[in-house]
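My numbering puts the first residue of the sequence shown at 15, with every later residue one more than the last. Think of the CB as a built atom: it goes at the ideal place given N, C-alpha and C, for glycine as much as any other residue. Note sheet for the following structure.
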Amino acid sequence: MATVSMDRLLQACIVQGASDIHLVTGRPPTFRIDGTLRSLETKTLDPDDTVALMKSITPERNQQELQEIGGSDFGFAYGDKARFRVSIFKQRGNVSIVLRLIPTRMLSFEEIGLPKICSALCTRSRGIFLVTGPTGCGKTTTLATLVNYINENFDHHIVTIEEPIEYYHKHKKSIINQRAVGVDVPSFSEALRRILRQDPDIIMVGELRDLETIEAAIRAAETGHLVFSTLHTTSAAGTVSRIIDVFPPNQQSQIRTQLASNLVAVLSQVLCPLAAGRGRIAAFEFMVVTSAIANLIREGKTYRIDSSIQTGKKLGMQLLDEHLWQLYETNRISMEVMLEKAREPGTLQEKAEGKLGGAAKVKGRKPETEGIGV
Numbered sequence: 015m016a017t018v019s020m021d022r023l024l025q026a027c028i029v030q031g032a033s034d035i036h037l038v039t040g041r042p043p044t045f046r047i048d049g050t051l052r053s054l055e056t057k058t059l060d061p062d063d064t065v066a067l068m069k070s071i072t073p074e075r076n077q078q079e080l081q082e083i084g085g086s087d088f089g090f091a092y093g094d095k096a097r098f099r100v101s102i103f104k105q106r107g108n109v110s111i112v113l114r115l116i117p118t119r120m121l122s123f124e125e126i127g128l129p130k131i132c133s134a135l136c137t138r139s140r141g142i143f144l145v146t147g148p149t150g151c152g153k154t155t156t157l158a159t160l161v162n163y164i165n166e167n168f169d170h171h172i173v174t175i176e177e178p179i180e181y182y183h184k185h186k187k188s189i190i191n192q193r194a195v196g197v198d199v200p201s202f203s204e205a206l207r208r209i210l211r212q213d214p215d216i217i218m219v220g221e222l223r224d225l226e227t228i229e230a231a232i233r234a235a236e237t238g239h240l241v242f243s244t245l246h247t248t249s250a251a252g253t254v255s256r257i258i259d260v261f262p263p264n265q266q267s268q269i270r271t272q273l274a275s276n277l278v279a280v281l282s283q284v285l286c287p288l289a290a291g292r293g294r295i296a297a298f299e300f301m302v303v304t305s306a307i308a309n310l311i312r313e314g315k316t317y318r319i320d321s322s323i324q325t326g327k328k329l330g331m332q333l334l335d336e337h338l339w340q341l342y343e344t345n346r347i348s349m350e351v352m353l354e355k356a357r358e359p360g361t362l363q364e365k366a367e368g369k370l371g372g373a374a375k376v377k378g379r380k381p382e383t384e385g386i387g388v
């Protein structure tokens, strides 16, 4: 029996506002709070502890997958308080566990800070809307917000394909079917191959992770469906390049044409700790695909997309660094955080030093690792 209770850990995670729980042999349980790791003031976990904690929450199928291939992912509900996405894996022969807290409450566009034009884009009858950014930047929450907005306002059939299912959606104005990869369907590509027979209006794919899935998503958009998905890219232009580069050179011209015709928007985001203390705020780069940007994609001139975003402010478009600067100017984030998250930190530092009359001094943020009690 583990001397550290999984139930107490989950409860403490919710109460303390942690985003993740890390359970690793040789270290006390550790929470990620506002982006920093903080160890709990409890015992150091040994191999028996991590195995017992893993077994207390892991379905038999996932335990078998852990033994066979060294890792597995799943989701589970902690009563009606929260859901958790769980990754179990082996390292140095021992079991490690990472749990990501998925809040049960759906957020609004205003609470997340999404550009207002997103609501209009959700009314499109076809196309691809991508949410991108590094791991842990809130892509899943943004996707859930977009899907929930459609669910509340339109009578559509929404089908999601996720691994695992994170936010659980209830039927509202729309019908919503959520399919879990590995439980309801063997793979993303297989789910997308069959989805067109299911009369969907809206398709949400958890992640465009390979060529086959990207091809299927583009095909779904071409046949008259609005497709939402994510990529681990950090800019709008970088997202376009990443998709094209996945394909063999002899297919890239065709994919550029298809992407130019079907891509609706790219929303790239990062999470920043608030200057005032507890909590984080999202900074966004937002690109709406206008006819000018579609031409740049078609012609392979992605390096000019940033300039088009700068001239598209009336559509709500903005570069990431522009939004970071706004958050810094309104004292929402510190200069250190702005520079850490920026794509061109040197330019922003010069701008900040100019504003402060050359007196700006930048110190790097140090991770906090002090202990916290359960």
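Determine the burial state of residue i: buried for a count of at least 16 other Cβ atoms within 10 Å of its Cβ, exposed for fewer.
i, result
"S305", "exposed"
"D34", "buried"
"A356", "buried"
"G238", "exposed"
"P43", "buried"
"Y317", "exposed"
"P156", "Note that residue 156 corresponds to Thr in the displayed sequence, not to Pro. By the 10 Å Cβ count, T156 comes out buried."
"Y182", "exposed"
Expressed to the nearest angstrom, what Euclidean distance is found between the alpha-carbon atoms of residue i and residue j?
i, j, result
"L59", "E336", "44 Å"
"G291", "G196", "40 Å"
"T64", "Q81", "15 Å"
"R99", "L370", "44 Å"
"G127", "V199", "34 Å"
"S436", "H170", "Outside the shown range of the chain (15 to 388) lies residue 436, about which nothing can therefore be said."
"E236", "R140", "7 Å"
"R294", "N264", "43 Å"
"G314", "E79", "42 Å"
"F298", "S86", "31 Å"
"K186", "F300", "28 Å"
"L341", "L362", "12 Å"
"S188", "E226", "28 Å"
"Q25", "P178", "22 Å"
"K365", "T344", "15 Å"
"L144", "S321", "20 Å"
"G84", "P359", "39 Å"
From the DSSP secondary-structure annotation, give me the bridge partner or partners of residue i.
i, result
"V284", "A297"
"A91", "R97"
"K315", "Note: K315 sits in no beta bridge, so no partner."
"E364", "DSSP lists no partner for E364."
"H36", "T44, V112"
"F143", "F242, A279"
"K104", "V109"
"H185", "Partner(s): none; H185 has no beta bridge."
Counting only the same chain and skipping the five closest in sequence on each side, list residues whose C-beta sits under 7 Å from that of residue i.
i, result
"Q324", "L333"
"R312", "R270, T271, A274"
"R346", "L288, A289, I295"
"I131", "V302, L329, G330"
"E166", "K186, K187"
When the Cα of residue i is compared with those of the options, which residue comes out closest?
i, options, result
"L245", "S70, P178, T154", "T154"
"D21", "P178, K69, S203, T149", "K69"
"A158", "N167, R223, M120", "M120"
"G93", "V112, Q77, I116, R75", "I116"
"Q105", "L37, G360, R208", "L37"
"C151", "E124, I83, A296, E364", "A296"
"K327", "E350, Y342, V302, V351", "V302"
"N309", "L277, Q283, G89, L281", "L277"
"I47", "W339, G360, D320, C286", "C286"
"P214", "F202, L54, I190", "I190"
"S284", "L338, G368, Q192", "Checking the sequence shown, residue 284 turns out to be Val, not Ser. When only C-alpha atoms are compared, the closest one is L338."
"P148", "S53, T174, S282", "S282"
"R114", "F88, L135, R138", "F88"
"I71", "K57, S101, L51, G49", "S101"
Between residue i and the rest of its own chain, which residues show a CB-CB distance below 6 Å, the 5 nearest in sequence each way excluded?
i, result
"T39", "L59, P61, T64, N108"
"T247", "T146, T253, R256"
"A91", "R97"
"A234", "I217, V241"
"Q192", "T174, I179"
By Cβ distance, which residues of its chain are closer than 8 Å to residue i, with the 5 residues on each side in sequence left out?
i, result
"A231", "I142, L206, I217, V219, L222, V241, S243"
"S133", "F123, Y163"
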